[in-house]
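Here is the structure we will look at, set down as structure tokens.
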Amino acid sequence: MRRSKKLLLFEDFMSIGKELRQKVEKYITKNKKELNSLADEDKFDEIYQHLYIGFDIEPDSPEGKDLKQAFDSIF
3 MRRSKKLLLF EDFMSIGKEL RQKVEKYITK NKKELNSLAD EDKFDEIYQH
53 LYIGFDIEPD SPEGKDLKQA FDSIF
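The letter at position 5 of the sequence shown is residue 7 when you use our numbering, and the numbering goes up by one with no holes.
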């Protein structure tokens with residue numbers, strides 16, 4: 003499994019809401035097989051697209067940026 007190359011500052015991680023982190027953790031657990039497969043193929047754009055669709059959030063919105071940041075910090 004490949005990990006995102008982006009580092010997240012501790013302050014940024016703590017600014018992500020606990021509820022959002024929990025939802026993202028559940029999403030990752032539920033979709034672990036597919037996410038790992040896409041990550042192994044370095045298809046992070048597809049991963050993020052599935053994430054935004056799954057949470058029904060626009061990628062360029064503040065919520066979308068928080069969602070991506072939460073995902074990157076966990077996955």
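We put the CB at the ideal spot given by N, CA and C, even for glycine.
The beta carbon of Lys25 sits closer than 7 Å to none of the beta carbons in its chain outside the five residues before and after it. In this structure, Ile76 keeps its C-beta atom at 8 Å or more from the C-beta atom of Gly66. The three-state reading of DSSP puts Asn33 in coil, since its state is none of H, G, I, E or B. Residue range 64-76 is occupied by the alpha helix (DSSP H) that includes Lys70. Its chain contains Phe73 as the residues whose beta carbon lies nearer than 6 Å to that of Leu53, once the 5 sequence neighbours on both sides are disregarded; these appear in chain order. Secondary structure of Asp44 (DSSP, three-state): coil.
In this model, Lys70 and Asp42 are separated by some 18 Å (Cα to Cα).
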